[in-house]
């Protein structure tokens, strides 16, 4: 039997432990620290929810979808190379200077203030939810779809 999907709940610290190599989808919820030293080679989808410390130095090479919900310390220095879909629901604002080049779909929410100065260069669709102040400094040039939900403009 090959394990391709895994959901892990309330694990405390997960630092350095190996993950099954056959995984293509991983969901982690409620952990203190989540920082694997090595990723499964074909992991394409990662969802991390309510992890206090989640800031990987390295990313899965095949990761295309990343969902991060309520992780206090999420502020990546680098992005997964093949990432094309990013959901960030967090009270901390991500005001990025650099974005993943291949990112075509971005969904954000729960931010006090949304005022991105730079946008992902190839962004096609954008969703923002539950934002107290939505006032972008600029707009993405290739945007074909946008949803603003429960935000003050």
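Residue numbers (my numbering): 2 to 154. Every residue, glycine too, gets a C-beta built ideally from N, C-alpha and C. For clarity, every value in this text was computed on a predicted model and none was experimentally measured.
message: So the candidates are 63, 110 and 70; which of them puts its Cα closest to the Cα of residue 131?
response: Start at 1 with the first residue of the chain shown, and residue 131 comes out as number 130. Comparing Cα-Cα distances from residue 131 to each of 63, 110 and 70, the minimum goes to 110.
message: I'd like the list of long-range same chain contacts for residue 139, defined as Cβ closer than 8 Å, with 5 residues on each side in sequence excluded.
response: Within the chain shown, residue 139 is the residue found at index 138, counting from 1. Here the set comprises 117, 118, 119 and 120.
query: When you compare only the Cα positions, how much space is there between residue 30 and residue 20?
result: In the chain shown, residue 30 corresponds to position 29, counting from 1. In the chain shown, residue 20 corresponds to position 19, counting from 1. Cα to Cα, the separation comes out at about 15 Å.
- request: State yes or no: is the C-beta of residue 99 within less than 9 Å of the C-beta of residue 123?
  value: Position 98 of the chain shown, counting from 1, holds the residue named residue 99. Position 122 of the chain shown, counting from 1, holds the residue named residue 123. Not in contact: residue 99 and residue 123 (Cβ atoms no closer than 9 Å).
field: Three-state secondary structure (DSSP) of residue 34
entry: Here residue 34 corresponds to residue number 33 of the chain shown, with the count starting at 1. Here DSSP, grouped into helix, strand and coil, assigns residue 34 to strand.
query: How big is the Cα-Cα spacing for residue 47 and residue 149?
result: If you number the chain shown from 1, residue 47 lands on position 46. If you number the chain shown from 1, residue 149 lands on position 148. When rounded, the distance between both Cα atoms is 25 Å.
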